[in-house]
Each structure stands twice: as C-alpha cells, then as structure tokens.
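*Asks:* Input: one structure, supplied below.
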Amino acid sequence: MSVSWASFKHLGPYRLLNVVNVGQTSLVWRACDEDRKQFFAIKTLQDEFLADREQVRFLRWEYTVGHSLDHPRIIRFYDQGTVRRLPYVVMEWFDGINMKQLCRQGLERFGHLAPKILIQATEAVSGMNEAGWVHRDIKPENFLVSKTGDVKLIDFALARRIPKGLARFFSPKTKIQGTRSYMSPEQIRGRHVDSRADLYSLACSLFELLVGRPPFTGASAHDLLIKHLKAAPPNVEAYNRNVTPEFSQLLRQALAKKPANRPASTQEFLKELRGIRVFRREMPPPEDYEAAPSDQEQSPDAGSG
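If you want the working numbering, it's the 1-based position in the sequence shown plus 507.
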C-alpha cells in the first residue's frame, strides 16, 4: 500500500506545519521542534517520487554534501531519516524568498540591498568551492534572500568533489546536468568542471539580478545552449546604466567562454568584487520599505524557506 506525506503530522520530534516550497520532485516543509521551540525546514520527496531510486539517491547525496559544509552563507543540514520508508532531511530554517522571486519584484524594490546580495551570494559559492565542492547548479532559484539582504545557498543534489592533481586530466565525461540558462560551456560539453564553472553560473545569476533576465536567452533549448557556447557575453552596463564600468567588466570576464579567461576562482572574483562599486549612484529603498530585524532576531513564524 502506498504511503503519502498527507498522513503525517510528526517526524520524530518535528511537527510538520505547512509546505513552503514545491520543487520539481521535492517538498519543503516548515516544521517545529516543540521541545526546543525551534523551527526547521524539512525536505521530502513528493508522493509520486517516493519510489524513484534516483530521486531518493539525490536526496541522500544532498544531505551528505550539505552536512559536510559549515559556512554562514550556506544552509545547514542537521539530520536525515526515514519513516515508513519515506526519506527526509532536516535543515536550518531561513526566512526568505529565492533570488528568482526577488528578481520578479523589480530592481527598484531591492536595489538598495543589491550590492550586499551580490557579495553574500559570491561568498556562498566561494565557501562551497573552498570546501572542495563544485555545486553545478548555481542559479537564482538556489539562493534564498531575507528581507535584510542576507543570503543562503541551497540545493546540493548535483554537487561533486572538485578533482585534484592528475584526476583533473583524467576525469571522464559526465552526463549534462544543471539548468540551461546558467550552464557553463564546459558543463554543456560534459567536460571536467571546477570552481570556474560555478563562477560562470554565478555571473549569469548576478546579471539577472541587475537586469531582470539571464544574459542569454533562446527560442529553443538548443539555441540557448549554442549561445552559451558561442555568443559574446553581453555588457550589463548596456542594460542598466547605473552599473559601473568596473563591475560590468568583471562580470564579462566571469562569463568568458574559456575557463582560463575567467578569474582563477570564485575566491579571486570575490576579492575583486569587494574592491569595486556596483552602482554609480546608490539606490534608495522604496518608500514603503520597512527594515526587518536581523536573522538572529527575526522569528521564522511566517516566512518561507
């Protein structure tokens, strides 16, 4: 007999409160540990994927990767388990929306926070790369952003260890995985990827944050991939005149087709980013903007993770 999450109200010490996000194959619940009076996010598979071995493997792998990471800009993984053969992982609760949702609000709503968001998103990817992992699916949907502009990186199902030494030259071709709008040329070709592939995807995401759309679009999936492989990277300054030439040039460099022509690592990109201005003129907050408390002070009682 099949089992559904609808029949559950508790998972061990965690009381399931409500679904806050529905992905392609997964659900994220807001849950509460009533003994500790603390909120958590619990990720499960949608009912129709509970018997899908590959999706179960992805969820377990995400926990393995996430649990190994300890960085203030990366969502924390605390526990995993199975109840009546239904797998789940327990994560830090973070009150925010994803960067894609933020982009849809328009830059005038969050432009005053954009430099902070750019820095923290880069810190997140840099932290993961420094820990020896390449994310392989960096995109706006995989950054959570709070009302104060704090950022957390999520979703590690496609992450892989960065090959070292001779392994860099003998890595076999890999299955093409990721999200087409943000995928690096080497990832499209199924080649070895390192932090510079994540940097390319990050640059696509930061471009979208400031412009409202990714740097490359296409009439078809094939057309889009060809543009990643061959089209010259656009100049963000041409779409947003408030962006400085220095930042625009740095972003173009990160979008170079060849990894060797990009900054050497996300850490190097972060170092350069910290030394320049993003905007010619600081953007004011919207008239109805009301500063939210910090993450440490804010109760996650009514947000999304």
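Note that the Cβ used here is the ideal one computed from N, Cα and C, for glycine as well.
Since D586 is in the beta strand (DSSP E), which residue starts that stretch and which ends it?
*Replies:* For D586, the enclosing beta strand (DSSP E) covers residues F584 to V590.
*Asks:* Thinking C-beta only, is P766 closer than 8 Å to R687?
*Replies:* no
*Asks:* Please confirm whether G697 and S653 have their CB atoms less than 8 Å apart.
*Replies:* no
*Asks:* Roughly how many angstroms separate the alpha carbons of V750 and G725, rounded to a whole number?
*Replies:* 25 Å
*Asks:* Between the alpha carbons of E715 and R591, how many angstroms are there, rounded?
*Replies:* 42 Å
*Asks:* Comparing C-alpha positions only, which one of F601, R668, I669 and K671 sits nearest to V658?
*Replies:* F601
*Asks:* Using CA atoms only, rank isn't needed, just tell me which of A739, T655, Q553 and G719 is closest to Q608.
*Replies:* G719
*Asks:* Between F546 and P520, what straight-line distance do the alpha-carbon atoms span, to the nearest angstrom?
*Replies:* If I take the Cα positions, the gap works out to 11 Å.
*Asks:* When the Cα atoms are used, what is the spatial distance from R787 to E615?
*Replies:* 15 Å
*Asks:* State buried or exposed for T589, treating a residue as buried only when at least 16 other CB atoms are found within 10 Å of its CB.
*Replies:* exposed
*Asks:* Report back the beta-carbon spacing between L518 and V526 to the nearest angstrom; my notes put them in contact at under 8 Å.
*Replies:* Contact flag wrong, Cβ pair sits at about 14 Å.
*Asks:* Could you check whether the region 561-580 touches the region 660-670, counting it as contact only if at least three pairs of C-beta atoms, one from each stretch, sit closer than 8 Å?
*Replies:* yes
*Asks:* Excluding the five sequence neighbours on either side, which residues of its own chain have a C-beta within less than 7 Å of the C-beta of E744, listed in chain order?
*Replies:* Excluding its 5 nearest sequence neighbours in each direction, E744 has C-beta neighbours in its own chain below 7 Å: V750, P752 and S755, listed in chain order.
*Asks:* From the DSSP output, in three-state form, read off T686 for me.
*Replies:* coil
*Asks:* Are three or more beta carbon pairs between the region 616-633 and the region 779-794 nearer than 8 Å?
*Replies:* Using a C-beta cut-off of 8 Å, the region 616-633 makes contact with the region 779-794, since at least three inter-stretch Cβ pairs fall below that distance.
*Asks:* Could you spell out the range, first to last residue, of the alpha helix (DSSP H) harbouring W813?
*Replies:* With the chain represented from 508 up to 812, any question about residue 813 goes unanswered, as that position is not in the structure.
*Asks:* Kindly indicate which three-state DSSP category E599 falls into: helix, strand or coil?
*Replies:* Correct three-state label for E599: strand.
*Asks:* How far does the beta strand (DSSP E) with R643 in it extend, from its first residue to its last?
*Replies:* In the DSSP assignment, R643 falls outside any beta strand (DSSP E), carrying neither H nor E.
*Asks:* Please report how far the alpha carbon of P793 lies from the alpha carbon of L780, in whole angstroms.
*Replies:* 25 Å
*Asks:* Here's the rule: buried if 16 or more other CB atoms are within 10 angstroms of the residue's CB, otherwise exposed. What is Y796?
*Replies:* With fewer than 16 Cβ atoms within 10 Å of its Cβ, Y796 is classed as exposed.
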